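*Asks:*
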Amino acid sequence: MAQGTGSINSDYKDWEWSDDAGERARLLQSPSVETVPKSSESQGNSLEATSALGAVFIVVNAALGAGLLNFPAAFSMAGGVAAGIALQMCMLIFIIGGLVILAYCSQASNERTYQEVVWAVCGKVPGVLCEVAIAVYTFGTCIAFLIIIGDQEDKIIAALVKEPEEVGSSCWYTDRKFTISITAFLLILPLSIPKEIGFQKYASSLSVIGTWYVTAVIIIKYIWPDKELVPVEIPTSPSTWTAIFNAMPTICFGFQCHVSSVPVFNSMKQPEVKTWGAVVTAAMVIALFVYTGTGVCGFLTFGAGVEQDVLMSYPSNDIPVALARAFIILCVLTSYPILHFCGRAVLEGLWLRYTGVTVEEDVVRERRRRLLQTISWFLLTLLLALFIPDIGKVISVIGGLAACFIFVFPGLCLIQAKLSEIQETRAISWWAQVSYGVFMVTLGAFIFGQTTANAIFVDLTA
1 MAQGTGSINS DYKDWEWSDD AGERARLLQS PSVETVPKSS ESQGNSLEAT SALGAVFIVV
61 NAALGAGLLN FPAAFSMAGG VAAGIALQMC MLIFIIGGLV ILAYCSQASN ERTYQEVVWA
121 VCGKVPGVLC EVAIAVYTFG TCIAFLIIIG DQEDKIIAAL VKEPEEVGSS CWYTDRKFTI
181 SITAFLLILP LSIPKEIGFQ KYASSLSVIG TWYVTAVIII KYIWPDKELV PVEIPTSPST
241 WTAIFNAMPT ICFGFQCHVS SVPVFNSMKQ PEVKTWGAVV TAAMVIALFV YTGTGVCGFL
301 TFGAGVEQDV LMSYPSNDIP VALARAFIIL CVLTSYPILH FCGRAVLEGL WLRYTGVTVE
361 EDVVRERRRR LLQTISWFLL TLLLALFIPD IGKVISVIGG LAACFIFVFP GLCLIQAKLS
421 EIQETRAISW WAQVSYGVFM VTLGAFIFGQ TTANAIFVDL TA
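Counting in full-length UniProt numbering, the sequence shown runs from 1 upward without gaps.
1. Going by DSSP, what residue range makes up the alpha helix (DSSP H) through Pro271?
2. Kindly indicate which three-state DSSP category Thr50 falls into: helix, strand or coil?
3. Verify whether the separation of the beta carbon atoms of Leu311 and Leu68 is less than 8 Å.
4. Tell me whether Gln256 is buried or exposed, calling it buried when 16 or more other Cβ atoms sit within 10 Å of its Cβ.
5. Evaluate contact between the segment 252-271 and the segment 394-402, counting only Cβ atoms and requiring at least three cross-stretch pairs below 8 Å.
6. Helix or strand or just coil, what does DSSP make of Cys356?
7. Report back the beta-carbon spacing between Phe407 and Leu443 to the nearest angstrom; my notes put them in contact at under 8 Å.
8. May I ask you to report which of helix, strand or coil DSSP gives Gln107?
9. Among Val232, Cys342, Leu339, whose alpha-carbon lies nearest the alpha-carbon of Thr301?
10. Given a threshold of 16 other Cβ atoms within 10 Å of its Cβ, counted over all protein chains shown, does Glu34 qualify as buried or as exposed?
11. Hey, how far is the Cα of Ala144 from the Cα of Ala345?
12. Are the beta-carbon atoms of residue 480 and Glu307 separated by less than 8 Å?
13. Could you pull the start and end residues of the alpha helix (DSSP H) that Cys252 belongs to?
14. Exposed or buried, which one is Glu196 when buried takes at least 16 other CB atoms within 10 Å?
15. Say whether the segment 319-338 touches the segment 145-158, bearing in mind that this needs 3 or more beta-carbon pairs closer than 8 Å, one atom from each stretch.
16. With burial defined as no fewer than 16 other Cβ atoms inside 10 Å of the residue's Cβ, what is the status of Phe337: buried or exposed?
17. Could you name the residues of the same chain whose beta carbon sits closer than 7 Å to that of Ile101, not counting the 5 residues immediately before and after it, in chain order?
18. How far does the alpha helix (DSSP H) with Thr242 in it reach, from first residue to last?
19. Quick one: residues in its chain with C-beta nearer than 7 Å to the C-beta of Trp172, no 5 flanking neighbours on either side, listed in chain order?
20. Enumerated in chain order, which unbroken segments of the alpha helix (DSSP H) with a length of 4 residues or greater are wholly contained in the segment 127-200?
Listed below in structure tokens is the structure:
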């Protein structure tokens, strides 16, 4: 990639096999750091356009990720298999609707990234809020990734040193805080500092294989369980009518691929809304089967005793599960720098817009600012991960933000797009679409408010 253009991963083949396409820099590039004209960019990509089938797999890979580890616990919170599947199916309708709305608004506004669409359709204030939300979301997800590393390393180390899991770490070099810190400083920080992240594309295919392997292990372990794996209790209904809402953040976090969907839509050979509707429907159905298989089998294996990270429920000496833990660590090690890069790009765009300085004028200070942003981001996420050992608390917060990307911003875009149409008479379909947009905004705001308030309440009463 040319250094002088300021475009980030403009070659869509660079992220075709990403396990989370929302973690690709081009997908979250700030509008302030893009200097290539859209017309020339489209001509450059026309030779490497994505087919509809290829787009299906990209969207599937965007949706699947480390979030699947929390689905068994989400089914437990929802009140069992029936409630968990019903909640997923209901939310999936609006998840697919949001993806179609974003494609429609992208086509109408001629913009190519999520936040550019929000800026163009909804205006400055929602655009800034969108970029801030992306920065906070990527920051929170980086914390979750470090917690996941600690969870998996605890089990792997326990198997290697052959210590009883109840006793905990007896040596300083097996302490959780030490292992997370040494892994972060030796592996994650060096990968996060470079200006470009194109070299990470080679590890993305392994991350995808790892995600599917984890699902296969959980399903097989349910079909042929070990003797020591006995479920504590299998709930068949939620404990309270509000308990089902506690499963929503995990579902939103798992299915959130909306931020990356706009560039995928624009990379297609025929970027048409109708074709895109079929693409995202097929992709979400595939993701639904993966998440449902993981959630149902993991939940039925351990019942109400399932951990927030389902792999933590398995014994440390289980070899197939140990390999799954290694795959998850690899997935997270490659995903953290990419996700951090996305957040850093958004922060850079906000800074350049606030100061009114262009990329070309600010090249001299870019390296110093990038190092400061990277080290500050890294240290803050590491400190929080060391003192927040429960990944469920992090998921509850960033899951609420994921609901904003899935429901709130697409709903606002649909409302604004329909209101901008010049019509002498408003047809029933127009009112139906506006009402749908209002409902999506209301639903997303409710999920965000409820999950955030619940997370704060749980922390205060803990």
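Glycine residues also receive a C-beta, built at the ideal position from the N, C-alpha and C atoms. Being a predicted model, the structure only gives us computed values, none of them experimental.
*Replies:* Reading it off the structure:
1. As a first step, residue 271 is located in the sequence shown; it is residue number 271 there, counting from the start. Segment: none, Pro271 is in no alpha helix (DSSP H) and carries neither H nor E.
2. Looking up residue 50 in the sequence shown gives position 50. Strand at Thr50.
3. For the purposes of this step, residue 311 is identified with residue 311 of the sequence shown, where counting begins at 1. For the purposes of this step, residue 68 is identified with residue 68 of the sequence shown, where counting begins at 1. For Leu311 and Leu68, no; Cβs fall outside 8 Å.
4. Within the sequence shown, the letter at position 256 stands for residue 256. Its Cβ being crowded by 16 or more others within 10 Å, Gln256 is buried.
5. yes
6. Within the sequence shown, numbered from 1, the residue matching residue 356 stands at position 356. This sequence places Gly at residue 356; Cys is not what is there. Gly356 falls in the coil class under three-state DSSP.
7. Along the sequence shown, one-based indexing puts residue 407 at 407. Along the sequence shown, one-based indexing puts residue 443 at 443. That belief holds up - the Cβ atoms of Phe407 and Leu443 are roughly 5 Å apart, short of 8 Å.
8. By one-based count along the sequence shown, residue 107 stands at place 107. Helix.
9. Translated into positions along the sequence shown, residue 301 becomes position 301. If we check each option's Cα against that of Thr301, Val232 comes out closest.
10. Looking up residue 34 in the sequence shown gives position 34. Low per-residue confidence applies at Glu34: pLDDT is 40, beneath 50, and the placement is therefore not dependable, though the value from the model is reported in the following sentence. Label assigned to Glu34: buried.
11. The sequence position of residue 144 within the sequence shown is 144, counting from 1. The sequence position of residue 345 within the sequence shown is 345, counting from 1. When rounded, the distance between both Cα atoms is 20 Å.
12. In the structure as shown, the chain begins at 1 and stops at 462. Residue 480 is therefore absent and cannot be evaluated.
13. Position 252 of the sequence shown holds residue 252. First-last of the alpha helix (DSSP H) with Cys252: 248-255.
14. Start at 1 with the first residue of the sequence shown, and residue 196 comes out as number 196. Glu196 comes out exposed.
15. yes
16. Position 337 of the sequence shown, counting from 1, holds the residue named residue 337. Looking at the sequence provided, one finds Pro at residue 337 rather than Phe. With 16 or more other Cβ atoms within 10 Å, it is buried.
17. Counting from one through the sequence shown, the residue named residue 101 turns up at place 101. Answer for Ile101: Pro410, Cys413, Leu414, listed in chain order.
18. To locate residue 242, count along the sequence shown from 1; it is residue 242. From DSSP, Thr242 is part of no alpha helix (DSSP H); its letter is neither H nor E.
19. Start at 1 with the first residue of the sequence shown, and residue 172 comes out as number 172. Once the five neighbours on either side are set aside, the close Cβ partners of Trp172 are Phe178.
20. 176-183, 189-192
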